[in-house]
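In the UniProt record's numbering, the protein residues as written are 1 to 147. The next block holds one structure in the form of structure tokens; read it before the comments.
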């Protein structure tokens, strides 16, 4: 059986630049997420320390409860406001990340086969000869009797 010559792929400088840009964006996103996580952990630790300092010394069981009857209404309201602020910030961060992912998605889809302008058209290789113009039936001799 005859073998067809190997298919050659060409990578342009534009392809390399797009790849490097994508990798740089991914690295920046990972760094940003790590920074956000570290900031959130620090903030949570500060909150816990502040809560422990504000609360009179009590048993560990009382500190684990979300509502302590010994806490004044003002302190509880402040705690609730702080929790609401944390939730709001987390929501903002999630929306920002989703927007960033949506902005990156069209760029990533261009590189996938069958989408956008990045689809590469294939042409017969020089070694194919007449095969490009003949149908399967013509090649194997089916369909036309009398040849």
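Built from N, CA and C at the ideal position, the CB exists for glycine as well. Note that the structure is predicted; figures quoted are calculated from it, not measured.
Using only CA atoms, which one of the options lies nearest to residue i?
i: residue 76; options: 103, 24, 55, 94; result: 55
i: residue 12; options: 20, 6, 39; result: 20
i: residue 79; options: 141, 25, 48; result: 48
i: residue 40; options: 52, 88, 100; result: 88
i: residue 151; options: 139, 23, 17, 86; result: Only positions 1 to 147 of the chain appear in the structure, and residue 151 is not among them; the question remains open.
i: residue 152; options: 140, 98, 139, 71; result: Any question about residue 152 goes unanswered here, given that the chain covers just 1 to 147.
Once DSSP output is grouped into helix, strand and coil, what is the label at residue i?
i: residue 138; result: helix
i: residue 3; result: coil
i: residue 11; result: coil
i: residue 21; result: helix
i: residue 35; result: helix
i: residue 102; result: helix
i: residue 87; result: helix
i: residue 55; result: coil
i: residue 16; result: helix
i: residue 47; result: helix
Can we say the segment 91 to 107 touches the segment 22 to 40, given the rule of at least three CB pairs closer than 8 Å?
yes
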